[in-house]
Amino acid sequence: MQGLSSIGLMPKYWGGDILMVQISAFQGQNIDDLLEANNYACCQEKVPANNAVSQYAEALAKACSEYNNPRDVIMIVVQAEERNMYDQHFLSAILRDKYPYLHR
């Protein structure tokens, strides 16, 4: 912690603005505290909306509706170590939540 203060970064509990949670991934200590603190720090108001993913999901759902083939499949391929793999996960979640009729 003192190393951080030497470069001008101060933890919140020292009066600064840096979120800091002491953890041990090896021992599994305070991991839940870190996740909770991170969720608190990343309020949804601060995260910009991702309209592109919603619009892409809407386009896929509309295409399925227009073709109206009960054997239609939307396949989302996520490769190992892909940098934008979370985009595909968001797309899958939006399709599942907003368009439940696609899941037959």
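Per the numbering used here, residue 942 is the first one in the sequence shown, and the count goes up by one each step. Quick reminder that beta carbons are idealized off the backbone N, C-alpha and C, glycines included.
Residue burial is scored here from C-beta neighbours: Ala993 has fewer than 16 other C-beta atoms within 10 angstroms and is therefore classed as exposed. The shortest C-alpha to C-alpha distance from Ile1035 to any of Gln963, Val1018, Ser995 and Gln1020 is the one to Ser995. Val962 and His1030 have their C-alpha atoms roughly 28 Å apart. With a cutoff of 9 Å on beta-carbon distance, Glu1007 and Lys1039 are scored as not near each other. In this structure, DSSP gives Gln963 a state outside helix and strand, which the three-state scheme calls coil. Counting along the chain, Asp1013 sits inside no alpha helix (DSSP H), nor does DSSP assign it H or E at all.
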